[in-house]
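Here is the structure we will look at, set down as structure tokens.
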Amino acid sequence: MHAAARSLFGDSTSQEVFRYLLGCAQTKDQYDVIDKHTQSGIDLVERYVKFVKERSEIEQSYTKQLRNLTKKYARRGSKEDQDSKFSNHASFQEILIELNDYTGQRELVAENMMTEICAELTKFLQDVKQERKTHLADARKAQQTLEGSFKHLESIKKRFAKEWAEAEKATQQAEKIENDLNATKPDVDKVKQHAFARLHTAEECRNDYAAQLQKYNKEQNFFYYTEIPQIFNKLQDLDERRIRRLAEGYCQFSDIEKKVLPIISKCLEGISATGAKINEKQDSALLIEQHKSGFERPGDVEFEDYSQGNKSATYDSNLNLPKGRPKLWPFSKKQKLPVAEDFSHLPPEQRKKKLQAKIDENTKELLKAQDQGGALQKMKGVYEKNPQMGDPSSLEPQITETAQNIGRLRADLAKYETWLSEAVGGEDSSNTINNNKQYVVVANDRSEDIYTDLDNEFDDIDSPVGHCTALYTFEGNSEGTISITEGELLSIMEEDKGDGWMRVLRANGDEGYIPSSYVKLAPQHTHTHTHTHTHTHTLAVGACTES
Numbered sequence: 065m066h067a068a069a070r071s072l073f074g075d076s077t078s079q080e081v082f083r084y085l086l087g088c089a090q091t092k093d094q095y096d097v098i099d100k101h102t103q104s105g106i107d108l109v110e111r112y113v114k115f116v117k118e119r120s121e122i123e124q125s126y127t128k129q130l131r132n133l134t135k136k137y138a139r140r141g142s143k144e145d146q147d148s149k150f151s152n153h154a155s156f157q158e159i160l161i162e163l164n165d166y167t168g169q170r171e172l173v174a175e176n177m178m179t180e181i182c183a184e185l186t187k188f189l190q191d192v193k194q195e196r197k198t199h200l201a202d203a204r205k206a207q208q209t210l211e212g213s214f215k216h217l218e219s220i221k222k223r224f225a226k227e228w229a230e231a232e233k234a235t236q237q238a239e240k241i242e243n244d245l246n247a248t249k250p251d252v253d254k255v256k257q258h259a260f261a262r263l264h265t266a267e268e269c270r271n272d273y274a275a276q277l278q279k280y281n282k283e284q285n286f287f288y289y290t291e292i293p294q295i296f297n298k299l300q301d302l303d304e305r306r307i308r309r310l311a312e313g314y315c316q317f318s319d320i321e322k323k324v325l326p327i328i329s330k331c332l333e334g335i336s337a338t339g340a341k342i343n344e345k346q347d348s349a350l351l352i353e354q355h356k357s358g359f360e361r362p363g364d365v366e367f368e369d370y371s372q373g374n375k376s377a378t379y380d381s382n383l384n385l386p387k388g389r390p391k392l393w394p395f396s397k398k399q400k401l402p403v404a405e406d407f408s409h410l411p412p413e414q415r416k417k418k419l420q421a422k423i424d425e426n427t428k429e430l431l432k433a434q435d436q437g438g439a440l441q442k443m444k445g446v447y448e449k450n451p452q453m454g455d456p457s458s459l460e461p462q463i464t465e466t467a468q469n470i471g472r473l474r475a476d477l478a479k480y481e482t483w484l485s486e487a488v489g490g491e492d493s494s495n496t497i498n499n500n501k502q503y504v505v506v507a508n509d510r511s512e513d514i515y516t517d518l519d520n521e522f523d524d525i526d527s528p529v530g531h532c533t534a535l536y537t538f539e540g541n542s543e544g545t546i547s548i549t550e551g552e553l554l555s556i557m558e559e560d561k562g563d564g565w566m567r568v569l570r571a572n573g574d575e576g577y578i579p580s581s582y583v584k585l586a587p588q589h590t591h592t593h594t595h596t597h598t599h600t601h602t603l604a605v606g607a608c609t610e611s
């Protein structure tokens with residue numbers, strides 16, 4: 065216990081500590097020092113929490129501005145969609161995507177600082193304040209108890225001094241009367257009895273004072289050697305725990321940043337890779353391919369010899385320009401022609417591309433409509449066999465509407481094929497049309513096989529839109545999120561809509577949101593459209609071969 069006292073009050077011997085703590089005022093000074101020191105430590109933690117909170121608010125403001133920036137420059141409109149085919153335009157959009165992922169990591173930093181530092185330290189501070197309050201109250205109570213005991217000792221001491229003075233005075237008075245020759249015996253006996261009573265009372269006060277002094281010394285010894293050192297040791301332990309927890313908070317400030325550095329580095333590397341893969345030659349070739357007109361170069365202008373009296377020669381070129389001075393058509397001001405449904409207002413090559421694009425679009429829509437019609441017919445058959453599952457007549461409006469849609473799409477497809485035939489001419493056109501027809505036929509046959517399992521159930525269940533693999537471990541602490549581990553295979557239920565989060569399904573059935581930058585998309589997810597188109601084209605070619 066002496067060692068504990070020395071650890072709190074300085075490196076000195078127990079006697080020196082005792083002499084130092086002997087006065088109540090000195091103990092009060094030590095109490096005030098510890099009180100101020102522990103309060104200063106609590107104030108520091110509160111300042112740090114406020115600092116981290118303001119740091120998080122700056123981060124949140126920064127991420128909000130980044131989100132608005134990426135949204136502002138994101139591709140929108142058909143013109144930008146067309147420009148995105150060029151590598152330099154597409155790379156800029158990929159940079160915006162990477163910046164959006166980077167923003168998600170900065171948002172994660174702000175969120176973790178609030179939850180892991182501010183919230184935890186605030187909760188810790190509440191416990192520290194309550195414990196400190198209890199220990200200081202115990203110290204004050206012990207001090208007050210010792211002071212009360214000392215006051216009681218002083219009152220008994222004063223009473224003993226007073227009674228002893230009265231006893232001495234009574235004794236002197238008795239001796240004086242006893243030596244007086246004129247005093248009678250009763251007078252002498254009376255003053256002797258009074259003096260004896262005073263001495264007896266003084267002796268009792270002396271015994272009370274001695275007992276109280278012994279009690280106080282015992283209490284004082286317990287106070288300085290046991291009670292106060294224990295309380296101060298508890299306060300010392302509390303302050304050291306506060307310091308250690310604050311040190312951990314300092315480290316967390318750095319660790320939270322370090323955790324997102326790998327993903328941030330990947331985002332920055334992705335931006336660099338995006339810039340490196342730009343191909344200027346390919347962009348130029350793509351521009352030429354998109355806008356080549358198919359016109360023949362104009363022939364030489366004939367010499368018109370007015371000196372021979374010839375009539376003005378008529379200038380006629382492949383461009384069918386009006387008579388007069390010819391215009392250099394590549395550099396002339398482009399005239400806005402009315403848009404024709406058959407795209408006849410476009411140059412030959414551009415017209416063929418537009419018509420072929422329309423045919424491909426109508427073919428896909430026709431495939432979808434035929435699949436829908438096949439599904440409705442199959443469902444109607446199931447209803448007819450099992451009336452308890454539904455009324456077959458309720459599907460008639462949808463079946464009729466789908467049939468009308470199929471008819472309209474076939475008419476449009478035939479119309480565009482006719483115009484393409486006029487634009488292309490010859491055998492190439494017939495081959496293109498035959499391929500489109502076989503594509504539709506195979507699609508129609510495929511629709512008969514897709515819905516063979518409709519007799520089971522018709523529950524509306526969300527199906528995954530793709531798959532991905534977790535690149536990093538993520539702890540889903542907030543509401544709506546789930547935890548994932550590195551390397552885990554996940555099913556994508558909802559893609560990233562631009563906010564940096566996607567909804568996934570784990571193998572154990574857990575479903576929730578995770579940061580999009582924490583996963584790597586599976587190839588079949590990123591190239592779904594390409595694979596579908598290739599597969600359909602293969603079916604079409606196979607159908608052509610069989611026919």
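The sequence shown: position 443 = 507 (my numbering), numbered continuously.
By construction, the Cβ of each residue, glycine as well, lies at the ideal position given by its N, Cα and C atoms.
Since I believe residue j is in contact with residue i (beta carbons under 8 angstroms), could you give me their beta-carbon distance rounded to a whole number of angstroms?
| i | j | result |
| --- | --- | --- |
| leucine 585 | glycine 530 | 7 angstroms |
| glycine 564 | glycine 168 | 3 angstroms |
| lysine 677 | alanine 487 | With the chain covering 65 to 611 only, the question about residue 677 has no answer from this structure. |
| glycine 105 | arginine 306 | 5 angstroms |
Taking residue i as the reference, give the member of the options with the closest Cα.
| i | options | result |
| --- | --- | --- |
| glutamine 420 | Phe407, Lys432, Leu431 | Phe407 |
| leucine 459 | Ile470, Gly471, Gly445, Gln452 | Gly445 |
| lysine 149 | Glu162, Glu267, Leu351 | Leu351 |
| glycine 562 | Lys117, Ala183, Leu133 | Leu133 |
| glycine 212 | Met566, Phe188, Glu283 | Glu283 |
| lysine 422 | Arg474, Glu227, Ala311, Glu268 | Arg474 |
| lysine 625 | Glu121, Leu263, Leu172 | Missing from the structure shown is residue 625; the chain here goes from 65 to 611 and no further. |
| tyrosine 480 | Pro456, Asp424, Leu431 | Asp424 |
| leucine 484 | Ile463, Met443, Val583, Glu413 | Glu413 |
| arginine 111 | Tyr314, Gly544, Thr482 | Tyr314 |
| leucine 163 | Pro456, Tyr536, Ile328 | Ile328 |
| proline 411 | Gln462, Glu353, Asn426, Ala467 | Glu353 |
| lysine 240 | Leu477, Lys254, Gln278 | Lys254 |
| isoleucine 463 | Lys442, Glu552, Asn450 | Lys442 |
| glutamate 291 | Thr533, Ile556, Gln208, Pro579 | Gln208 |
Going by DSSP in three states, residue i sits in which element: helix, strand or coil?
| i | result |
| --- | --- |
| asparagine 243 | coil |
| tyrosine 577 | strand |
| alanine 534 | strand |
| serine 151 | helix |
| valine 568 | strand |
| serine 458 | helix |
| glutamate 558 | strand |
| threonine 265 | helix |
| lysine 584 | strand |
| arginine 299 | Note on residue identity: the sequence assigns leucine, not arginine, to residue 299. Correct three-state label for leucine 299: helix. |
| leucine 200 | helix |
| threonine 248 | coil |
| isoleucine 106 | helix |
| threonine 549 | coil |
| proline 411 | coil |
| serine 329 | helix |
| valine 173 | helix |
| proline 668 | Summary: the structure shown does not reach residue 668, with the chain confined to residues 65 through 611, and so no result is reported for it. |
| phenylalanine 367 | coil |
| glycine 334 | helix |
| glutamate 360 | coil |
| valine 324 | helix |
| glutamate 211 | helix |
What's the call for residue i, buried or exposed, on a 16-neighbour Cβ count within 10 Å?
| i | result |
| --- | --- |
| phenylalanine 538 | buried |
| lysine 100 | exposed |
| valine 97 | exposed |
| phenylalanine 287 | buried |
| glycine 438 | buried |
| alanine 183 | exposed |
| leucine 185 | buried |
| proline 587 | exposed |
| aspartate 319 | exposed |
| tyrosine 273 | buried |
| glutamate 227 | buried |
| arginine 140 | exposed |
| proline 326 | exposed |
| aspartate 364 | exposed |
Flag residue i as yes when its Cβ comes closer than 8 angstroms to any non-hydrogen atom of the ligand COA, and as no otherwise.
| i | result |
| --- | --- |
| glutamine 452 | No copy of the ligand COA appears in this structure; indeed no ligand is present at all. |
Counting pairs of Cβ atoms below 8 angstroms between the segment 283-301 and the segment 240-260, do you hit three or more? no
Determine contact between the segment 333-342 and the segment 217-228, defined as no fewer than three beta-carbon pairs at a distance below 8 angstroms. no
Validate contact between the segment 185-200 and the segment 229-244 using beta carbons, cut 8 angstroms, 3 pairs: no
Given 8 angstroms, three or more beta-carbon pairs between the segment 150-158 and the segment 250-266: no
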